Amino acid sequence: MLGYCTHHLSAIFWALPFEAWLSADRSGKATFTLRKAAITAAIAYLVD
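FYI, the numbering for the sequence shown is 261 to 308, going by the working numbering.
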């Protein structure tokens, strides 16, 4: 249960800045969204 909670909280932790980043740019293009998701995942990988 502890591992599940840790993983869930980590996902929420990284989702919040990603959502803020998406809301700042309303282009709505899939390529921009995928690029931002990849950058966020790379930063999360390096930090975590």
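Just so you know, even glycine gets a beta-carbon here, dropped at the ideal spot from N, CA and C.
On a predicted model such as this, the values are computed, not experimentally measured, just so you know.
Is the CB-CB distance between residue i and residue j below 8 angstroms?
i	j	result
A297	W274	no
L282	T293	yes
If you follow the alpha helix (DSSP H) that residue i is part of, which residue opens it and which one closes it?
i	result
S287	Here S287 belongs to no alpha helix (DSSP H), and DSSP marks it neither H nor E.
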